[in-house]
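Input: a single structure, listed below in structure tokens.
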Amino acid sequence: MFYLDPLYLVLAIPGLLLGLWAQMRVKGTFNKYANVRTTRNLTGAEVARYLLDNQGLQDVRIEQVQGMLSDHYDPRARVLRLSPAVYGTPSVSAAGVAAHETGHAIQHSVGYGPLQIRSAIVPVVQFSSSLAPILIIIGLLLRFTTLAWIGVIFFAAAVVFSLITLPVEFDASRRAKALLDQGGLMSSDELKGVDKVLDAAGWTYVAAAVAAVGQLLYYVLLLTGGGRRRS
Ligand SMILES: [Zn+2]
Numbered sequence: 205m206f207y208l209d210p211l212y213l214v215l216a217i218p219g220l221l222l223g224l225w226a227q228m229r230v231k232g233t234f235n236k237y238a239n240v241r242t243t244r245n246l247t248g249a250e251v252a253r254y255l256l257d258n259q260g261l262q263d264v265r266i267e268q269v270q271g272m273l274s275d276h277y278d279p280r281a282r283v284l285r286l287s288p289a290v291y292g293t294p295s296v297s298a299a300g301v302a303a304h305e306t307g308h309a310i311q312h313s314v315g316y317g318p319l320q321i322r323s324a325i326v327p328v329v330q331f332s333s334s335l336a337p338i339l340i341i342i343g344l345l346l347r348f349t350t351l352a353w354i355g356v357i358f359f360a361a362a363v364v365f366s367l368i369t370l371p372v373e374f375d376a377s378r379r380a381k382a383l384l385d386q387g388g389l390m391s392s393d394e395l396k397g398v399d400k401v402l403d404a405a406g407w408t409y410v411a412a413a414v415a416a417v418g419q420l421l422y423y424v425l426l427l428t429g430g431g432r433r434r435s
């Protein structure tokens, strides 16, 4: 079967391993700095509120959301949702994540290009990425190559999404560090901790992009004959 193809393993394993490593690293780094209390003793919610207000974003709300590392900014509702370990904890990790999500709110308010593109393609990607594997499998089984290629093009939308996510995430972390530094909320030692937490988080997006590109490459090689060695 084509999904047990060695070619698939070669293209999928780097992204998979990188993803596992990144997940372990982000959890480990977050937990380490979740135990480091900041001198200003502000919770993640307080840090986010302070930074948002400073940027004239008083109308962006902050809510608590369940989960670990489930923190995100919702551009439609203009709500910053923070996980319990961030929302109510005065730690270096909490401040870093809260500032990162604030970075997304600022990207939204200034119309940062990559974020606008990402938001615009979300509905397309949700639709096309769930349909892509079905089209590819049916196309291959029926030897209907055009259908399989349509599936590959659909999957490419998901790849574009994972690639456009990279500048969005790295820019949010860059803004986060600048905000915390300018706001005088943290010591230079604490900022170094923030740097490590956000850097670890960044690698999870790199891993996702590597996995997506590997998958796309596999589909393309499969359809262009790269995977037909045994037929
Ligand atoms: Zn982010």
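Position in the sequence shown (from 1) plus 204 gives the number in our numbering. Where is the CB? At the ideal position from N, CA and C, for every residue including glycine. It should be emphasised that the depicted structure is a prediction, and the values quoted were computed from it without experimental measurement.
Kindly identify the DSSP beta-bridge partner or partners of residue i.
i, result
"L286", "Q268"
"D278", "V283"
"R241", "S295"
Please indicate yes or no: does the CB of residue i lie closer than 8 Å to some heavy atom of ligand 1?
i, result
"V329", "no"
"A376", "yes"
"H304", "yes"
"V230", "no"
"V290", "no"
"E373", "yes"
"H312", "no"
Who are the Cβ neighbours of residue i in its own chain at under 7 Å, not counting the five residues just before and after it?
i, result
"L427", "T349, A352, W353 and V356"
"P309", "According to the sequence as given, residue 309 is Ala; it is not Pro. So the list reads L256, L261, V264, Y277 and L284, once near-sequence residues are dropped."
"D399", "K381"
"L220", "A415"
"I266", "A249, A252, R253, L284 and L286"
"T242", "P294, S295, V296, A299, M390 and E394"
Return the chain-ordered list of same chain residues with a C-beta closer than 8 Å to the C-beta of residue i, the five sequence neighbours on each side being excluded.
i, result
"Y254", "L246, G387 and L389"
"N239", "S295"
"V410", "L222, A226 and L370"
For residue i, which residues from the same chain have a beta carbon less than 6 Å from its beta carbon, with the 5 sequence-adjacent residues on both sides left out?
i, result
"A405", "V230"
"Y237", "V296, S297, G397 and V401"
Should residue i be counted as a contact of ligand 2 given a C-beta to heavy atom distance under 8 Å?
i, result
"L389", "Of the ligands this structure carries, namely ligand 1, none is ligand 2."
Exercise. Should the stretch 294–301 be regarded as contacting the stretch 366–373, the criterion being three or more beta carbon pairs within less than 8 Å?
Worked result: no
Exercise. Between the stretch 278–286 and the stretch 249–268, do three or more beta carbon pairs fall short of 8 Å?
Worked result: yes
For this session: Specify whether the stretch 262–275 and the stretch 321–331 touch according to this definition: at least 3 beta carbon pairs, one from each stretch, less than 8 Å apart.
Result: no
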